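Its first residue numbered 632, the sequence shown is counted upward by one per residue in the numbering used here.
Built from N, CA and C at the ideal position, the CB exists for glycine as well.
Keep in mind the model is a prediction, meaning the values are calculated, not measured.
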Amino acid sequence: MAANAAGPADAGWNAGRAALFADVCMGAAPDFNSFDAKARSAGLVETESGWTDGADNVMNVVAHDGFCSCLMAVAAPEPEAMTNSLFERLLTDFGDGFKGAEDGLAAVAPFDRDGVEVVAIIEPRKVQGASWILARATVVGACGNAEVSQ
632 MAANAAGPAD
642 AGWNAGRAAL
652 FADVCMGAAP
662 DFNSFDAKAR
672 SAGLVETESG
682 WTDGADNVMN
692 VVAHDGFCSC
702 LMAVAAPEPE
712 AMTNSLFERL
722 LTDFGDGFKG
732 AEDGLAAVAP
742 FDRDGVEVVA
752 IIEPRKVQGA
762 SWILARATVV
772 GACGNAEVSQ
């Protein structure tokens with residue numbers, strides 16, 4: 632699987648993680664009913680913490696505050712490079728549905744998926760001194776029939 636290539640500071644690794652987010656989270660949007668199947672198909676294994684491939688990432692579907700989100704937390708020693716990889720992949724795969732400003736990307740990018748607005752949100756985080764990215768695909772309302780963490 633491409634996501635396992637090299638390490639967290641490598642461009643190929645960033646591209647692999649971006650593909651994972653696009654294929655699993657955005658691919659399962661807007662109802663996230665196919666999240667488990669897509670995660671399994673991508674080679675991820677379900678654990679108590681969510682779905683992972685054993686590297687520095689975890690993915691899950693979470694219901695919160697009237698929203699349903701597919702989350703991916705991923706190690707990102709170079710957060711700007713990871714953010715760029717994520718947005719590049721989203722625009723490549725879902726660009727026809729991009730509804731954001733044409734003059735550039737923000738940390739929040741709305742897409743139309745099957746007539747439903749799915750917002751991709753990319754946030755840099757520090758966890759015990761290490762840089763991570765929290766990427767999420769979020770819709771308003773309840774999660775579909777997907778297995779959901781609260």
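Around the beta carbon of Lys669, a 10 Å sphere encloses 16 or more other beta carbons of the protein chains shown; the residue is thus reported as buried. At a cut-off of 3 residues, the continuous stretches assigned as beta strand (DSSP E) that sit fully inside the region 661-719 are 676-678, 681-683, 688-695 and 698-706. Note: Lys757 is bridge-paired with Ser762 in the DSSP secondary-structure output.
In the structure shown, the three-state DSSP call for Asp743 is strand. Comparing alpha-carbon positions, the option among Phe718, Ala650 and Gly697 lying closest to Asn688 turns out to be Ala650. Taken through DSSP and simplified to helix, strand or coil, Ala751 comes out as strand.
Taking the C-beta atoms as reference points, Ile764 is found nearer than 8 Å to Met713. Contact check for Ala653 against Val749 fails: the beta carbons are separated by 8 Å or more.
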